[in-house]
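Q: Just so we're aligned, residue 3 is where the sequence shown starts under the UniProt record's numbering, counting upward by one. After the structure tokens below, expect a handful of questions from me.
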Amino acid sequence: KLNIFWFRRDLRLFDNTGLYYAQNEKKPVLPIFIFDTEILNDLVDKKDARVSFIHHTLKEIDLQLKKLGSGLLILHGKPEEVFEKLIKDYEIDTVFTNRDYEPYAKERDQKIDDLLKKNGIDFLDFKDHVIFEEKEILNGSEEPYKVFTPYKNKWLESLKNNQLQPFDVQLSVDKFYQFEPEFPDLESIGFEKSTIEIADKSYPEEIIKKYDKLRDYPAKNGTSRLGIHLRFGTISIRQAVKKAQALNDTWLNELIWREFYSMILGNFPHVMNAAFKSKYDAIPWRNEEEDFEKWCQGKTGYPIVDAGMRELNSTGYMHNRVRMITASFLTKHLLIDWRWGEAYFAEKLLDYELSSNNGGWQWAAGTGTDAQPYFRIFNPYSQTDKFDKENKYIKKWIPELNTKEYPEPMVDHKFARQRALDTYKQALDQ
Ligand code: FAD
């Protein structure tokens, strides 16, 4: 008999909770990864950089495991069907994995659990992706928090050093199932290699040390760029929090925002499709398709907005300050439903995380937790004065700025501001 360890968004062979527990049993571990067609079929771009990144990372894991006489079994299909076959092919004792908190994943795991149970196989899942899960940080009345600062204070109070202890994985031959799996290429799962480059997973310590001072300036290299690594678990959150404690409190604060939004999605899953504060569902969005296209392509005539969208389109990344500005512009200046912008970011961002993306969009639209009040509308020009005074970031992404080729502003700022104020007010007064 053997144990299976199912990798998902924890793509590393160190400090991995589920893998650690799988190894503590006396049976060898068969490591698997499933390219889930339910997820892949939704991706439009066959050169999706995230799929390339996952494939590349899995290959590294496979190479490490091959040195131990084992390997990573890569599967492709609907997870339930894949498991039906695994049950036939192997004598499985227990399936170990780390918890994934997204609604689709929860549903999928429930089905797998049922299937395995029917076949007398245990399914054990572990906390690995966060320090605190959705029900672990509650207020005095045992309810989830809805506002960040008190949540953060309780989070910090609750954090004990032993929660940051690594779950050491043993890289030894006797711990892994011995076999020689073949490693499939990207094409065999219907994808091609992306040309987008991804920063490696080492901690840029000098940048993190100055994070509080430089993080708001998009022309500066002032943030960690570790988002994609946190998303797919190529770094461990325990290690990241330890680094943050040693290097910069503001950076720790951001890691807590990540947990806050994960907690919000877990406890208030309606945010997936609707406003956190329901009365905001009454806003009559204009949803002009042409306007949306201009925003997507970075052709609004607002340089800071266009620079951001172009950065996103060509690199799969956008600086946080500019994410806030572009999101505010789409929802307030153009009165386009935040869900349209959310979906566009989801398609493009390498660090796309449902909970954080949803939280960021609802914050910008004023519909979410802790949102800025709707009557405070970002002025793209004064944001530029504050955070890109010399237009360095703007010029990097808009070479044709100050030429005839660059479009006039698609809408007047003052007019759009007033229209947003009136529309929100009317909807909320009803
Ligand atoms: P750093 O600034 O170095 O921060 C370190 C890590 O902390 C990040 O990698 C991330 O995991 C976390 N973090 C930082 N800021 C936030 C935040 N405000 N909320 C939640 N977590 C945070 N972040 C995502 O990880 N995925 C998304 O899909 C996403 N979509 C966003 C959409 C909008 C409209 C906005 C306003 C913000 C969004 N963010 C998202 C939050 C933030 O912009 C990114 O996490 C950050 O820009 C990533 O850059 P970095 O890796 O250099 O992070």
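Just so it is clear, CB atoms sit at the ideal spot from N, CA and C, and this is done for glycine as well.
Quick one: grab the DSSP three-state call for I285.
A: On the sequence shown, position 283 is the one that residue 285 refers to. Coil, per DSSP.
Q: Answer with buried or exposed for E182, where buried requires no fewer than 16 other C-beta atoms within 10 angstroms of its C-beta.
A: Position 180 of the sequence shown holds residue 182. It is exposed - the Cβ of E182 has fewer than 16 other Cβ atoms within 10 Å.
Q: Locate the beta strand (DSSP E) running through N100, then write down its first and last residues.
A: Within the sequence shown, the letter at position 98 stands for residue 100. Looking at the DSSP string, the run of the beta strand (DSSP E) that includes N100 is 94-100.
Q: Start and end of the alpha helix (DSSP H) containing P305?
A: Position 303 of the sequence shown holds residue 305. Here the alpha helix (DSSP H) through P305 covers 305-317.
Q: Give a single yes or no on whether L232 has its beta carbon closer than 7 Å to a heavy atom of the ligand MN.
A: What this structure holds is the ligand FAD, not the ligand MN.
Q: For M326, verify whether its CB is less than 7 Å away from any heavy atom of the ligand FAD.
A: As a position in the sequence shown, residue 326 is number 324, starting the count at 1. Yes, the Cβ of M326 comes within 7 Å of a heavy atom of the ligand FAD.
Q: Restricting to Cα atoms, I'd like to know which of D64, W297, L118, S264 is closest to L173.
A: If you number the sequence shown from 1, residue 173 lands on position 171. For the set D64, W297, L118, S264, the Cα lying nearest the Cα of L173 is the one of D64.
Q: Go ahead and label S143 buried or exposed: buried means 16 or more other beta carbons lie within 10 angstroms of its beta carbon, across all protein chains shown.
A: Counting from one through the sequence shown, the residue named residue 143 turns up at place 141. The residue is exposed, with fewer than 16 neighbouring Cβ atoms inside 10 Å.
Q: Applying the 10 Å Cβ sphere with the 16-neighbour rule, what's the burial state of D130?
A: What you label residue 130 is simply residue 128 of the sequence shown in a count that begins at 1. Looking at its Cβ environment, which holds 16 or more other Cβ atoms inside 10 Å, D130 is buried.
Q: When you compare the stretch 202-209 with the stretch 369-385, are there three or more beta-carbon pairs, one atom per stretch, that lie closer than 8 Å?
A: no
Q: With DSSP as the reference, please indicate the residues paired to I139 in a beta bridge.
A: For the purposes of this step, residue 139 is taken as the residue at position 137 of the sequence shown. According to DSSP, I139 bridges with nothing at all.
Q: Considering only their Cβ atoms, is the gap separating L254 from V243 smaller than 8 Å?
A: Indexing the sequence shown from 1 puts residue 243 at position 241. Indexing the sequence shown from 1 puts residue 254 at position 252. Taking 8 Å as the Cβ cut-off, V243 and L254 qualify as a contacting pair.
Q: When you compare only the Cα positions, how much space is there between Y219 and R323?
A: The sequence position of residue 219 within the sequence shown is 217, counting from 1. The sequence position of residue 323 within the sequence shown is 321, counting from 1. Taking the straight line joining both Cα atoms gives about 7 Å.
Q: Would you give the residue range spanned by the alpha helix (DSSP H) that D12 belongs to?
A: Taking the sequence shown and counting its residues from 1, one reaches residue 12 at position 10. That residue, D12, is in no alpha helix (DSSP H); it is neither H nor E in DSSP.
Q: Would you mind listing the alpha helix (DSSP H) stretches within the stretch 234-303 that are 4+ residues and don't spill past its ends, in chain order?
A: Within the stretch 234-303, the complete alpha helix (DSSP H) runs of at least 4 residues are 239-249, 251-269, 291-299.
Q: Please state the DSSP three-state secondary structure of H131.
A: Working through the sequence shown from its first residue, we reach residue 131 at position 129. Of the three classes helix, strand and coil, the one that applies to H131 here is coil, per DSSP.
Q: Around the C-beta of S190, are 16 or more other C-beta atoms found within 10 angstroms, so that it is buried, or is it exposed?
A: To locate residue 190, count along the sequence shown from 1; it is residue 188. Exposed is the call here.
Q: Out of L352, E93, H78, Y106, point me to the one whose CA is closest to G122's CA.
A: Here residue 122 corresponds to residue number 120 of the sequence shown, with the count starting at 1. Comparing Cα positions, the closest option is E93.
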